[in-house]
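Some notes on the structure that comes next.
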Amino acid sequence: MPIWLIVVLGIAIVLILYVIATYNKLVVLRNNVKDQWSQIDVQLKRRFDLIPNLVNTVKGYTKHEKETLESVIKARSSYASATTPMEKMDANNDLTNAMTRLFALSESYPDLKANTNFIDLQNQLQETENKVAMARQFYNDTVLTLNNKIQTFPSNIIANLFHFSKEAFFEAKETERENVKVEF
Numbered sequence: 019m020p021i022w023l024i025v026v027l028g029i030a031i032v033l034i035l036y037v038i039a040t041y042n043k044l045v046v047l048r049n050n051v052k053d054q055w056s057q058i059d060v061q062l063k064r065r066f067d068l069i070p071n072l073v074n075t076v077k078g079y080t081k082h083e084k085e086t087l088e089s090v091i092k093a094r095s096s097y098a099s100a101t102t103p104m105e106k107m108d109a110n111n112d113l114t115n116a117m118t119r120l121f122a123l124s125e126s127y128p129d130l131k132a133n134t135n136f137i138d139l140q141n142q143l144q145e146t147e148n149k150v151a152m153a154r155q156f157y158n159d160t161v162l163t164l165n166n167k168i169q170t171f172p173s174n175i176i177a178n179l180f181h182f183s184k185e186a187f188f189e190a191k192e193t194e195r196e197n198v199k200v201e202f
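The C-terminal residue of the sequence shown carries number 202 in my numbering, and the numbering is unbroken.
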């Protein structure tokens, strides 16, 4: 067997092994992104399930705060009907804004603020919000790793060849980035 044929076969084998390894890495990264999204989804579902209890507790104390309660219910329904991760991200942002208004409302009702059921639900929601924040961070880190692999040379060649696409980051809406105005 001529030496040039051995060299060509060696290079071909190395290239095939590189393509296989890169493809497998991209699949693992894509699956990690999906897994991290499902972790966010689990926490958002937990929050979604806690909201009716909170709304019912608040309803008993705040008969005339219908608009705030309706905005929470509407935001919750939007989240329930969302199907894609982007729709869920947007619905989550709306729900977060509605919940913020709901908790601000409790300041006007000392009896509500002292209600143990309300306090417990508020604590559970706060704990869930913290878990959502951590899950978002892990999701974005995983998306960054995948997107870097898809866009950097030479793995971008394999990514394009097998139609891997960039994933979207979980980003805050512009209104959530604004400074909060606090007045006394």
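Just so you know, even glycine gets a beta-carbon here, dropped at the ideal spot from N, CA and C. In this text, all values refer to a predicted model and were calculated from it rather than measured experimentally.
In three-state DSSP terms, what is PHE202?
Since pLDDT at PHE202 reaches only 30, below the 50 mark, its modelled position is unreliable, and the value read off the structure follows with that caveat. Residue state, collapsed to three classes: coil.
For a quick check, are the C-beta atoms of LYS92 and LEU62 less than 8 Å apart?
no
So, helix, strand or coil for PRO70, using DSSP?
helix
VAL60, buried or exposed, once every other Cβ within 10 Å from all chains shown has been counted against 16:
exposed
Keeping to the same chain, check which residues put their C-beta closer than 6 Å to that of THR25; ignore five residues upstream and five downstream.
In the sequence as displayed, the identity of residue 25 is Val instead of Thr. Cβ within range, chain order: n/a, list empty.
Give the straight-line distance between the Cα atoms of PHE202 and THR134, rounded to the nearest whole angstrom.
In this prediction, PHE202 scores a pLDDT of 30, lower than 50, which makes its location untrustworthy; no coordinate-derived value is stated.
Among THR102, LEU123 and SER95, nearest to ASP112 - alpha-carbon criterion
SER95
Between the Cα of LEU68 and those of ILE34, GLN144 and ILE58, spot the shortest distance and give me the residue it belongs to.
Looking at the Cα atoms, GLN144 is the closest of the given residues.
Report the CB separation of ALA177 from LEU44 in whole angstroms; it is logged as a contact under 8 Å.
Separation of the CB atoms of ALA177 and LEU44 is rounded to 6 Å, and the pair is thereby assigned contact status at 8 Å.
Taking the alpha carbon of ASN165 as the point to measure from, which residue in ASN110, GLU125 and SER183 has its own alpha carbon closest?
Among ASN110, GLU125 and SER183, the Cα nearest to that of ASN165 is on SER183.
Would you identify the three-state DSSP class for ARG195, choosing helix, strand or coil?
Unreliable placement is indicated for ARG195, whose pLDDT of 47 sits below 50; the coordinate value is still reported in the next sentence. DSSP places ARG195 in helix when its eight states are reduced to three.
Given GLU189 as reference, the closest of THR160, ARG154 and THR170 once Cα atoms are compared
ARG154
Close-in-space but distant-in-sequence residues of the same chain around ASN174 (CB under 7 Å, 5 per side omitted):
ILE168
Output the distance between the C-alpha atoms of GLY28 and VAL161, rounded to the nearest integer angstrom.
35 Å
Could you pull out every residue in the same chain whose Cβ sits closer than 8 Å to the Cβ of ILE31, ignoring the five residues on either side in sequence?
For ILE31, where only same-chain residues beyond five positions count, there are no Cβ hits under 8 Å.
When you compare the CB positions of THR118 and ARG65, do they come within less than 8 Å of one another, or not?
no
Spatial neighbours of PHE156 within its chain, please: CB distance less than 8 Å, with the 5 preceding and 5 following residues excluded, ordered by chain position.
GLN54 and GLN57
Spatially closest choice to PHE171 from ALA109, VAL37, VAL90 and ASN115, by CA coordinates
VAL37
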